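Down below is the structure, laid out as C-alpha cells.
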Amino acid sequence: MGTYVPNTEADRKNMLKACGMERMEDLYAGIPEELKRKEPLRIPEGKSEMEVRRLMEGLARKNRVYGTVFRGAGAYRHYIPSIVGEVVGKEEFRTAYTPYQAEISQGVLQSIFEFQTDICELTGMAAANASVYDGATAAAEACGMCLEKKRRKILVSAAVDPKVLSVVRTYAFGRDAEVTVVPEREGVTDLEALKSLADGETACLLLQTPNYYGCFEDADAAAEAAHGAGAKLIMSCNPIALAIMKTPGETGADIAVGEGQPLGLPLSFGGPYLGFMAADEKMTRKLPGRIVGQTEDRKGERCFVLTMQAREQHIRREKAGSNICSNEALCALTAGVYLAAMGPEGLRKAALSCRAKAHYLKDRLEEAGLKAVYAQPFFHEFVTAAPDEQAAERILKALEARDILGGLPLGGGRMLWCATEMNTREEMDRAAETVREVLDA
Amino acid sequence: MKLIFEQSAAGRGTAYLPEIDVPQTAPDFKGRETPLRLPELSEIQVDRHYTALAKETRGVNGGFYPLGSCTMKYNPALLEDAAAQPGFRDVHPLQPDAAAQGCLEVMRKAEAYLAEITGMDAVTLQPAAGAHGEFTGLLLIKAYHRARGDGERTKILVPDSAHGTNPASAAMAGFEVVNIPSDGKGYVDLQALKAAVGPDTAGLMLTNPNTVGLFDPNIAEITKAVHEAGGLNYYDGANLNAIMGIVRPGDMGFDVVHVNLHKTFATPHGGGGPGSGPVGCKDFLRGFLPGIRIAEEDGMLRRKEAEARIGDVRSFGSNFLVAVKALTYMMILGREGIPETAAGAVLNANYLMHRVKDLYPMAFDETCMHEFVMTLEALKEETGVSALDLAKALIDHGIHPPTMYFPLIVHEALMVEPTETEPRETLDQAADTFRAVMEAARQHPEEAHLAPLTTRVSRPDEVKAARKPVIRYDFDHPMD
Amino acid sequence: MHFPKELKYTKTHEWIRFTEENKAYIGITDFAQDQLGDLVFVNLPEEGDALTAGESFADVESVKAVSDVNSPVTGTVLQVNEALQDAPEKMNEAPYEAWFVLAGDITDTEELMDAEAYEAYAASEG
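Chains as they are written, first to last, in our numbering: chain V, 24 to 464; chain W, 241 to 720; chain H, 567 to 692.
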C-alpha cells in the first residue's frame, strides 16, 4: 500500500523465479551487508492519497495569498490567460523527457524552436537557446561566455538585482574570475566610474535595465564604455518591458538575458522560473545548453532536432562551456503559449499598463507623504523613502491588514514598489490612503 | 506542420487585458525601434496549434518509456493537484516569513526527508537541476578546502563511465578533471584510484549504482581511499531510485550528494525541465550551503543565511513547486514505500533483462540494479544494424527507445530502465517486442535502417542541421 | 583512401605541408575524416596563437563527437582558414585542401611519417 508499484505478491514471486531468485532481498545480494540500512527510515509511514491531499491542503492554507500585490523585485504578478494553463497541463508536454528522439518529439522540439524565435524577437538578438534555470543563472552563464584567458574581470552594475549579483559571484568563485561592482549614482549605473573600471582585463559588463530600482539605464552609453575597453555588454531585461523599450539588439549588446517568469509563470514562491538567453551571431556557439535547429527528414519534410550538441557536456565533458543538462523546457513552453495568446499588441498593452500604473501609484504615494528616491525614467518599479524604518514597518503592517502586500523593504525606510496590469486604480488609491493614514497618525 | 508564426494574421488576437484605467504619460525612455513580430492569432488557433504539437510529443502515459538513467516513472496525478493550489502557486517569494509558513514548512519537511534518505545532515533545495546540484556540491568542496587553507587541492577524480555533467561541473567549479578507468566489470579500478589520489585531490564524483547499472561493492574502500588522501566524496544521485531506503550514500562514505527530484521522486520532466537537484551534505559542510536555511524561532519558521555560505546558485530558495510535488510523493510512499519502490525498480529491470538476454548480449551479465546495458556490437558487425537502428524500430512498436550510446565505455550500447511503476504485463509485452525487433533486424537488416516508419517525420538530417544551423524562424525569408 | 606523397603525417592523423622555410599548412587526413564521419564544425585558433608540437590547437565536431586536432609543430599561427567555418563539409570532401592553419616561426617538429609509412600505420589503426 502507498506505493505506485503495481506488481502483486504473486507477480513478484513469478518474476523473481524467472530471474533465478527466491526473495526480494536476493536482488540486493551484491551490496555489502554492513552498508545496508538495518532500521526503517526515520520518516513517517506512507499514507493514502486522501490523507496526503488533506495534509498538503493544510500546508497551502498556512500561506497568505494577498488580494493586492505591490511587490516585485524579481518576481512579478501578471495576468495569465486561461489558455496557458490548459496547454501546459497537457500530459504529453508535462511528462515527456528531453527530446533526444526527434521522431516522437516534434511537438516539444517545434515549441522550443518557436520559443527561441520569440526570445530573438523580444531581445532583438540573432540567436537564443532553449532556456536555463532562471534569470540569475542566465546572467551568470552569460558572464562565463565572455571570460577569456586574459580577460577575467566581470563588471556588474550595483543597480543589478542583488540576488543576480550573488549568483554571478558564486559562479565566478567556481571559474576563478573576479567580480567588480560598478557603483550606482541616483539610481542608475555611474557611467564615469564605469569608464574608469573598464579596462583591457575586463571580460564584460552586466547591466540590468530596467534595473533593480525600476529605472531605465543609459544602455547606449554603457555599451560604448564596455566596447571601448574591448569588453562585452550583457543586458538583462524584463521581457514585458522589451515590448516597448529599446532592445539589447538595437543597443548593440553582445548577450541579452533575463527572467522569463513574467511571461505566464505564477509566483510559485520563487520557482520554477525561466532563464532566457540570446546572443549576437558571433557568440551563438558559446550559448550554454540545448538549442533546437531546423532540418529535413529523409522525405524532405521540414522537422526539428537538438543541434550543435557537440558544444554540450554529454559530448564535450570537461571542455564544455557549461554543465547544464535539464533546463526549464515546460516554462519555456509556458512563455511561448503566453506570447502567442497575448500577441504583440497584448504584450505592448501589458507593458504600457505596467508603466502607467506604476507612475500613478508613485504619484499617489508621494501625495500620501512618501518621497520618491530617484528622479529617473522608470518602468514598473520605483523606490520610496519613509521618514524612518519604523514608519515603513507601520505602513507595511497597515497594508497587510487590508490584504495588500506593500513594497519590499530595502532598509532605512526605503521601499521598492511594483505595479502591474493586475493592479486597479481603486487598489492603488486604497493603498495610498492607507499610507496617508499611517503617516498622518 | 506549420509554425505558429506561419499562422499569424495581422490584427488578430484575443483581448485578455482591460483598458488602462489610469492616465498615461509620454514616454521618457528610449523606445523600441523595430516591430515585435510575435504571432497574431485567435485563441482557438493557439489551442489547436499546441494540441497538434502535443500529439507529436511522447509522454510517460503514452506508452512504455524505458529510457536508461532517466527514471521515467509514472508521475502520480495528485502531485499536480498539490502544486496547483493557489496557496502555493500565488505566493510571492519575498513575502514575509509569517505569511509563508506553509511554503517554509514544505521546504523544511522536504529537506528533512531527503537528508534522512541520503544519510546526510543538511539539505538545500536551491539547485534547479541535477547538474546544478553537482556544481553546487563541488563548490562546497572547494569552499571547504579553501577555508582550511588547503588551496592545492585542485583535482576532481571522475570515473570514465560518468555522466558528462560530472566532468563539466568539475570544470565549471574550477577543478582539473582526472579520469579514473573502470575495470572489466564496470567498477572503479581500485588500483588506478589509489594511484591517482594524493595531496592535490579535492574529491571524487561517483554514482552508485554506477552508470552501467551495477552496485560497486568496493564502495567503502573507494571512499576511504579518497578520505585518507584528504579529499571528499561526492555522490551523484542520478541512480538513487535503485537503492533508496536500502543503503544510504551517507553510509557509503559520501560527504555531499545531489538528488534528482524529477527522477527518483516522481516529478515530471516537462520535456527537459524544470527539474530540481537538492544537495545534501554532512554536518561539517553545512555552513557553506547556498541559499536560505530554515530555522524555527518562537514557533515560527524563519529564513536565514548560513555564515560561510558559498552565496546563491539561483534567485530564491528552490524550484518550489517541484519540491511540493516531491514532498507529496514522499509522504505517500513513506518509510516502507520508499525501499519497496527501489526494490520494485530493481526487480522490473532484472526481470526484463532475463526475458531478453538470450537475444540481446548484456554488457555485464549479472544481477543489475534499476537498469541494464545491452551491447549490440555483434549485431552491428554481423548485419550492419546499429543500436540506433534498433532503437528507432522500437518506436514503430509504441516503445520509447532506451538510452543510446551511453555509457561511453560500452560499444553500441542500449540502456534500459523500466522503473517500478510498470506492471509485469507491460514488461512481458516489451520483451516480446524487443525480441521481435531483433529477429526482424537479423532477417531484413537493410530495412532496419529506415525505421521509424509510423511517425509523420522520419529520421532527421542532423548533419544538415549542425552544418548550417537554422535556429529561429526567418520572417524575411519565410519557409515553405 | 588517398595519401599524397608530398605531405608528411602524424600518428594522431594530421597532415602537414611545408612550404618555404619555416612555414607549413596543417590539416586532418583522409583517414581521420573517414573515421570521424560527417564533420559539422571546427573550432580554430586565432592568428598569432602559439602552437606546440603534439598539443591540441583546434577541434572538430561531428554530430555526436568532438575530437582534438594536434599540431605537428611548435610555432605560431600565421593564418587561419576561416572559410572552413562556413563550409565544414570541405574537411570531408577535400581533406588535403581544407587546411586549418598556416604555421610559421617553427622551432620544433614532431616525429613525422611519409605517405607510405602513414598508410601502413592508418591501416593498422582502422
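For glycine and all other residues, C-beta sits at the position ideal for the given N, C-alpha and C. Every value quoted in this text rests on a predicted model; they were computed, and no experiment measured them.
Which value, in whole angstroms, describes the spacing of the CA atoms of Lys385/V and Arg453/V?
If you take the alpha carbons of Lys385/V and Arg453/V, they lie about 13 Å apart.
Quick one: does Val496/W have its CB under 8 Å from some CB of chain V?
Output row for Val496/W: interface = no.
State the CB to CB distance for the pair Cys521/W and Met360/W, rounded to an integer number of angstroms; the pair is presumed to be in contact (CB under 8 Å).
Confirmed, about 6 Å.
Glu655/H touches chain W at which residues, Cβ-Cβ below 8 Å?
Simply Arg707.
Find the residues of chain H that neighbour Glu702/W, judging by a C-beta separation of less than 9 Å, and give them in chain order.
Within chain H, the residues near Glu702/W are Asp604, Val606, Val629 and Lys630.
Rounded to a whole number of angstroms, what is the C-alpha to C-alpha distance between Pro279/W and Ala705/W?
Linking Pro279/W to Ala705/W through their CA atoms gives a straight-line distance of about 24 Å.
Compare the C-beta of Asp287/W against all C-beta atoms of chain V and say whether one is closer than 8 Å.
Chain V contact via Cβ: present.
Residue range of the beta strand (DSSP E) that includes Gln475/V:
The displayed coordinates of chain V run from 24 to 464. Any statement about residue 475/V would go beyond what the structure contains.
If you run the structure through DSSP and keep just helix, strand and coil, what is Tyr687/H?
DSSP places Tyr687/H in the helix class (H, G or I) of the three-state scheme.
Is the CB-CB distance between Ala566/W and Phe505/W below 8 Å?
In this structure, Ala566/W lies near Phe505/W, with their beta-carbon atoms less than 8 Å apart.
Between the beta-carbon of His337/V and the beta-carbon of Gly404/W, is there less than 8 Å?
Remark: C-beta atoms of His337/V and Gly404/W approach each other more closely than 8 Å.
Nearest-angstrom Cα distance between Ile594/H and Phe607/H?
Whole-angstrom Cα-Cα distance: 13 Å.
Assign Gly90/V to buried or exposed, taking buried as 16 or more other Cβ atoms, counted over all protein chains shown, within 10 Å of its Cβ.
With fewer than 16 other Cβ atoms from the protein chains shown falling within 10 Å of its own Cβ, Gly90/V counts as exposed.
Phe646/W to Ser309/W, Cα distance in whole Å?
Taking the straight line from one Cα to the other gives about 9 Å.
Any Cβ of chain W within less than 8 Å of the Cβ of Glu115/V?
Yes, its Cβ sits closer than 8 Å to a Cβ of chain W.
Check the Cβ-Cβ distances between Ile338/V and every residue of chain H, and say whether any is below 8 Å.
Proximity of Ile338/V to chain H, defined by a Cβ-Cβ separation below 8 Å, is satisfied.
Assigned secondary structure, Ile177/V (DSSP; H/G/I helix, E/B strand, else coil):
Assignment of Ile177/V by DSSP, reduced to helix, strand and coil, places it in the strand class.
In three-state terms, what does DSSP make of Gly520/W?
Gly520/W falls in the strand class under three-state DSSP.
Select from the segment 674-692 of chain W all residues with a C-beta closer than 7 Å to any C-beta belonging to chain V, and list them in chain order.
Per Cβ criterion, the list reads Pro692.
Distance cutoff 8 Å, beta carbons only. Does Ile418/V sit that close to anything in chain W?
So, not an interface residue.
Taking three-plus beta-carbon pairs below 8 Å as touching, is the segment 190-207 of chain V in contact with the segment 405-416 of chain W?
With the cut-off at 8 Å, the segment 190-207 of chain V and the segment 405-416 of chain W touch.
Given Asp268/W as reference, the closest of Leu217/V, Ala248/V, Arg371/V and Gln399/V once Cα atoms are compared
In this structure, Gln399/V is the residue among Leu217/V, Ala248/V, Arg371/V and Gln399/V with its C-alpha nearest to the C-alpha of Asp268/W.
Using the Cβ count rule (16 or more neighbours within 10 Å means buried), how would you classify Gly25/V?
Bear in mind that a pLDDT of 49 at Gly25/V, under 50, signals an unreliable position, so the model cannot answer this.
Have a look at Ala482/W, Gly438/W, Leu599/W and Leu472/W and flag the residue whose alpha-carbon is nearest the alpha-carbon of Gly225/W.
This structure does not reach residue 225/W, given that chain W is present from 241 up to 720, and the question cannot be answered.
Status (buried if at least 16 other CB within 10 Å, exposed otherwise) for Gly551/W:
Residue burial is scored here from C-beta neighbours: Gly551/W has at least 16 other C-beta atoms within 10 angstroms and is therefore classed as buried.
Looking at chain H, is there any beta carbon in it that lies within less than 8 Å of the beta carbon of Gln124/V?
Judged by the 8 Å Cβ criterion, Gln124/V is not in contact with chain H.
Assign Gly25/V to one of three DSSP states: helix, strand, or coil.
Low per-residue confidence applies at Gly25/V: pLDDT is 49, beneath 50, and the placement is therefore not dependable, though the value from the model is reported in the following sentence. Coil at Gly25/V, not helix or strand.
Simplified DSSP state of Lys577/H, which is helix, strand or coil
Look at Lys577/H here: in three-state DSSP terms it is coil, with no helix or strand label.
Interface residues of chain V facing Tyr474/W [CB-CB closer than 7 Å]
Within chain V, no residue comes near Tyr474/W; the closest Cβ sits about 13 Å away, beyond 7 Å.
Using the Cα positions of Leu433/V and Met484/W, report the straight-line distance between them to the nearest angstrom.
Each residue's Cα considered, the two are about 44 Å apart.
Any C-beta of chain H sitting closer than 8 Å to the C-beta of Asn151/V?
Sequence inspection shows Ala at residue 151/V; the Asn mentioned does not correspond to that position. At a cut-off of 8 Å, the C-beta of Ala151/V has no neighbouring C-beta in chain H.
In this structure, does DSSP put Leu288/V in helix, strand or coil?
DSSP, read as helix, strand or coil, puts Leu288/V in coil.
When burial is assigned at 16 or more other CB atoms within 10 Å of the CB, is Arg21/V buried or exposed?
With chain V covering only 24 through 464, there is no way to say anything about residue 21/V.
Please classify Lys313/W: does DSSP put it in a helix, a strand, or coil?
Residue state, collapsed to three classes: coil.
Where does the unbroken beta strand (DSSP E) through Asp634/H begin, and where does it stop?
Here the beta strand (DSSP E) through Asp634/H covers Val632 to Asn636.
Where does Met347/W land, buried or exposed, given buried means 16+ other C-beta within 10 angstroms?
Per the 10 Å Cβ criterion, buried.
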